[in-house]
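Okay, structure first, notes after.
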Amino acid sequence: MADTPNVGIEDYRFGFNFPDSSVYTTGKGLSEEVVRQISRQKEEPEWMLNYRLRALEAFRRKAMPNWGADLKAINFDEIVYYARPTDKQSRSWEELPESIRETYDRIGIPEAERKFLAGVGAQYDSEVVYHNLKKELEAKGVIFSDPESAVREHPEIVRKYFGTVVPYGDNKFAALNSAVWSGGSFIYVPKGVTVDIPLQAYFRINLENFGQFERTLIIADEGSFVHYIEGCTAPVYTTDSLHSAVVEIIALPGARVRYSTIQNWSTDVYNLVTKRAVAHENATVEWVDGNIGSKRTMKYPSVYLMGEGAHGEVLSIAFAGNGQEQDTGGKMVHMASNTTSTITSKSISKASGIASYRGLLKVAPGLNNVKSRVVCDALLLNDESATNTYPYMEIESDDVSIEHEARVSRIGEDQLFYLQSRGFDEDEASGLIVNGFLDPLVKQLPMEYAVELNRLIELEMEGSVG
Amino acid sequence: MELVIRDLHASIENQPILKGIDLTVKTGETHALMGPNGSGKSTLANVLMGHPKYEVTGGSVKLDGHELLDLEPDQRSLAGLFLAFQYPVEIPGLTVGKFLKRASELRSGEEKLKVSSFIRELRETMDFLEMDQNFINRYLNEGFSGGEKKRMEILQMLTLKPVFAVLDETDSGLDIDALKIVSRGVRRLSGPEFGSLVITHYQRILDYLKPDFVHVMYNGRIVVSGGGELAATLEAQGYDWVREEHGEEVSHG
Numbered sequence: 001m002a003d004t005p006n007v008g009i010e011d012y013r014f015g016f017n018f019p020d021s022s023v024y025t026t027g028k029g030l031s032e033e034v035v036r037q038i039s040r041q042k043e044e045p046e047w048m049l050n051y052r053l054r055a056l057e058a059f060r061r062k063a064m065p066n067w068g069a070d071l072k073a074i075n076f077d078e079i080v081y082y083a084r085p086t087d088k089q090s091r092s093w094e095e096l097p098e099s100i101r102e103t104y105d106r107i108g109i110p111e112a113e114r115k116f117l118a119g120v121g122a123q124y125d126s127e128v129v130y131h132n133l134k135k136e137l138e139a140k141g142v143i144f145s146d147p148e149s150a151v152r153e154h155p156e157i158v159r160k161y162f163g164t165v166v167p168y169g170d171n172k173f174a175a176l177n178s179a180v181w182s183g184g185s186f187i188y189v190p191k192g193v194t195v196d197i198p199l200q201a202y203f204r205i206n207l208e209n210f211g212q213f214e215r216t217l218i219i220a221d222e223g224s225f226v227h228y229i230e231g232c233t234a235p236v237y238t239t240d241s242l243h244s245a246v247v248e249i250i251a252l253p254g255a256r257v258r259y260s261t262i263q264n265w266s267t268d269v270y271n272l273v274t275k276r277a278v279a280h281e282n283a284t285v286e287w288v289d290g291n292i293g294s295k296r297t298m299k300y301p302s303v304y305l306m307g308e309g310a311h312g313e314v315l316s317i318a319f320a321g322n323g324q325e326q327d328t329g330g331k332m333v334h335m336a337s338n339t340t341s342t343i344t345s346k347s348i349s350k351a352s353g354i355a356s357y358r359g360l361l362k363v364a365p366g367l368n369n370v371k372s373r374v375v376c377d378a379l380l381l382n383d384e385s386a387t388n389t390y391p392y393m394e395i396e397s398d399d400v401s402i403e404h405e406a407r408v409s410r411i412g413e414d415q416l417f418y419l420q421s422r423g424f425d426e427d428e429a430s431g432l433i434v435n436g437f438l439d440p441l442v443k444q445l446p447m448e449y450a451v452e453l454n455r456l457i458e459l460e461m462e463g464s465v466g
Numbered sequence: 467m468e469l470v471i472r473d474l475h476a477s478i479e480n481q482p483i484l485k486g487i488d489l490t491v492k493t494g495e496t497h498a499l500m501g502p503n504g505s506g507k508s509t510l511a512n513v514l515m516g517h518p519k520y521e522v523t524g525g526s527v528k529l530d531g532h533e534l535l536d537l538e539p540d541q542r543s544l545a546g547l548f549l550a551f552q553y554p555v556e557i558p559g560l561t562v563g564k565f566l567k568r569a570s571e572l573r574s575g576e577e578k579l580k581v582s583s584f585i586r587e588l589r590e591t592m593d594f595l596e597m598d599q600n601f602i603n604r605y606l607n608e609g610f611s612g613g614e615k616k617r618m619e620i621l622q623m624l625t626l627k628p629v630f631a632v633l634d635e636t637d638s639g640l641d642i643d644a645l646k647i648v649s650r651g652v653r654r655l656s657g658p659e660f661g662s663l664v665i666t667h668y669q670r671i672l673d674y675l676k677p678d679f680v681h682v683m684y685n686g687r688i689v690v691s692g693g694g695e696l697a698a699t700l701e702a703q704g705y706d707w708v709r710e711e712h713g714e715e716v717s718h719g
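Residue numbers (the working numbering), protein chains in the order written: chain R, 1 to 466; chain A, 467 to 719.
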């Protein structure tokens, strides 16, 4: 009901506010000097500095997107592009507002993880676990590090692949990321190696993992398999209003890569992310992309199907609460015969929230036996909430099978009444309906995600149906 | 306990449907409510449960002395009222097992029911209703046939064990075997702790349920009440005599 204590996600921004304790920052605004300083701080080789500088030029040249979410409020001069966090713990758990701690409790995040998320956990308890994991990975020849280390220690791999999937000139925000990137993950899986447990950034003790301009590069060599999990469903503390990441995946012949994210940025963050993969012959790339937080998100994970037998998949879940705009979807670009792809999108809009599906399906000329299926389901919780569907298609071959389904449903008075007549109050009833709507997708998520997502939706539903 | 309906008025979109219903159902009793289409039977069922589409414009409904009309539908449910829907709603993605377990927890006030004993009882009840156990893992009412939905309503009723149940045309569209099973389900609850109001068009379910009282609703009011034999009269003679006595055109149910 309306008067239950509300610890909904919309309140996080009021709670997360810490004095800036960073040791080193470039200050507000962006210039060539700022980029040079970042590169110097990271002790980068010249080729990476030059790459950054070229990207900076592209960023200046590129126009803002004139489609998608409303980005007018972004002021590039007010953003701090680089701040190196202290190596030691910079905040204490006790400094966290009660409401945040309570929310973590209710979502059921383990305390160690919470501390990490809140930026208080330099001494994350899984250190031992990670060390064991690291040994195992090293024995198999798997490289899993932050990208800065990779630039220093594995320049031959980084130079070969960095920026090849998402060139710095791709779009304004990819250019920005390429100029000022910091943190993220680098993964290389050698030929034929299967990484059994999902790799997650928070295994690593690095405060820069969830930075605002993170950069992730994953190379899965022939016949290998890896599942990478980015972030976590709990709200992520940030002082910054812009998160602009770039993720590049290269799945070499026969490899399979699964990449899962559920972002839950606080609701003042612009989340503008470029995620793209290339899948070579018989390779598979799967994106699981959940968007719950942020003020505006624009994100369309893509797979370029470059070799015969390649398969691409996007599962997209978006929750647009009051004042939020989730402009999400996926892109499949078929560049070879006998390739298949599916995009499944489920979105929920609440209060004044807007969830838009935006997708591109492209089939190059002269191809045979290309199959693609796109399914978009939208659920509206109130009269005020809105959903849009923008399915773009550029099909230049004839031997193509394409299915496209789009449905919009409204949470029904009769459904609510039915559940209420069985003793569920209105909030719980609407939570059950929403979770039911997502259930077919949630089943495909990693277990921890599924549980957390269900709880988050329940929290979001408290006193929310009008 | 008693469910006491007094001078109940309700309308939909400013159109009066219920025009002064008086009816008392006690535990231990089975009441049948009959009447031609459009007389307001289903409206009464929905108003008792609290459907937001209807506006109550007067009267009272008391369960064990407490006013139900002030309560939300979920509170009415927890107070012991149950409605078996004429058209059960589909809830995609919500499994029958999860739904029934949580509903039972809400009813019992227990934070978490033991899964093993809950499942055992559920399976036993499903056997009793000759339902396939696979229904536990299916989504609630999604893709169910008409008869399966009706059995699911009875399964919910047997699981939640209400004090008063309103069955809104639960027999409609059922073949004779399904009808027997549904009747068996209702009879299972019957006893000194349970009262029911069975809305129907047909004599045949009443052959199994043997109501203590039969009421005929017409134009928003209960116009005739009698014992079980009244149902046979209605079956034989239709509602024409009701129409004649109450002066307006009555469509045949």
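Beta carbons: idealized from backbone N, C-alpha and C, even for Gly. Quantities reported herein were computed from a predicted structural model and do not represent experimental measurements.
Taking a contact to mean a Cβ-Cβ separation below 8 Å, would you say residue i touches residue j in this structure?
| i | j | result |
| --- | --- | --- |
| residue 386 of chain R | residue 354 of chain R | yes |
| residue 506 of chain A | residue 683 of chain A | yes |
| residue 667 of chain A | residue 467 of chain A | no |
| residue 678 of chain A | residue 496 of chain A | yes |
| residue 528 of chain A | residue 534 of chain A | yes |
| residue 712 of chain A | residue 689 of chain A | yes |
| residue 245 of chain R | residue 269 of chain R | no |
| residue 336 of chain R | residue 305 of chain R | yes |
| residue 265 of chain R | residue 243 of chain R | yes |
| residue 229 of chain R | residue 187 of chain R | no |
| residue 323 of chain R | residue 300 of chain R | no |
With H, G and I counted as helix, E and B as strand and the rest as coil, what does DSSP make of residue i?
| i | result |
| --- | --- |
| residue 565 of chain A | helix |
| residue 482 of chain A | strand |
| residue 367 of chain R | coil |
| residue 674 of chain A | helix |
| residue 552 of chain A | coil |
| residue 302 of chain R | strand |
| residue 332 of chain R | strand |
| residue 263 of chain R | strand |
| residue 67 of chain R | coil |
| residue 707 of chain A | helix |
| residue 283 of chain R | coil |
| residue 274 of chain R | strand |
| residue 49 of chain R | helix |
| residue 327 of chain R | strand |
| residue 458 of chain R | helix |
| residue 414 of chain R | helix |
| residue 473 of chain A | strand |
Closest to residue i by C-alpha separation, out of the options, would be which residue?
| i | options | result |
| --- | --- | --- |
| residue 225 of chain R | R:356, R:157, R:283, R:393 | R:283 |
| residue 390 of chain R | R:374, R:184, R:313 | R:374 |
| residue 350 of chain R | R:434, R:337, R:271 | R:434 |
| residue 583 of chain A | A:623, A:601, A:563, A:514 | A:563 |
| residue 392 of chain R | R:404, R:398, R:400, R:159 | R:404 |
| residue 247 of chain R | R:60, R:71, R:167, R:77 | R:167 |
| residue 79 of chain R | R:53, R:331, R:31, R:64 | R:31 |
| residue 458 of chain R | R:368, R:77, R:319, R:244 | R:319 |
| residue 636 of chain A | A:629, A:712, A:620 | A:620 |
| residue 417 of chain R | A:656, A:658, A:520 | A:520 |
| residue 57 of chain R | R:307, R:173, R:364 | R:173 |
| residue 193 of chain R | R:363, R:423, R:221, R:40 | R:221 |
| residue 685 of chain A | A:484, A:469, A:490 | A:484 |
| residue 28 of chain R | R:73, R:77, R:71, R:62 | R:77 |
| residue 394 of chain R | R:421, R:365, R:442 | R:365 |
Subject >> the region 494 to 520 of chain A: positions lying closer than 9 Å to chain R by Cβ >> reply: 512, 515, 516, 517, 518, 519
Original post:
Enumerated in chain order, which unbroken segments of the alpha helix (DSSP H) with a length of 4 residues or greater are wholly contained in the region 573 to 655 of chain A?
Top reply: 581 to 594, 612 to 626, 642 to 655
**OP:** With 9 Å as the C-beta to C-beta threshold (strictly closer), list the residues of the region 519 to 542 of chain A near chain R in chain order.
**Re:** 519, 538, 539, 540, 541, 542
**OP:** Anything in the region 636 to 664 of chain A with a Cβ closer than 8 Å to a Cβ of chain R? List those residues in chain order, please.
**Re:** none
**OP:** Starting from the N-terminal side, write out each stretch of the beta strand (DSSP E) that is 3 residues or longer and does not extend beyond the region 371 to 409 of chain R.
**Re:** 386 to 395
Original post:
In the region 571 to 602 of chain A, which residues sit with their C-beta less than 7 Å from some C-beta in chain R, listed in chain order?
Top reply: 572, 573
Subject >> Start-end ranges of the beta strand (DSSP E) lying completely within the region 142 to 225 of chain R, minimum 3 residues >> reply: 143 to 145, 184 to 189, 215 to 220
Subject >> Proximal residues, the region 413 to 426 of chain R versus chain A, C-beta separation under 8 Å >> reply: 413, 414, 415, 417, 418, 419, 420, 421, 422, 423, 424, 425, 426
Original post:
When Cβ atoms are compared, which residues of the region 615 to 635 of chain A fall closer than 8 Å to chain R?
Top reply: 622, 626
Original post:
At which residue ranges does the region 502 to 527 of chain A contain complete alpha helix (DSSP H) runs of 4 or more residues, listed in the order of the chain?
Top reply: 507 to 515
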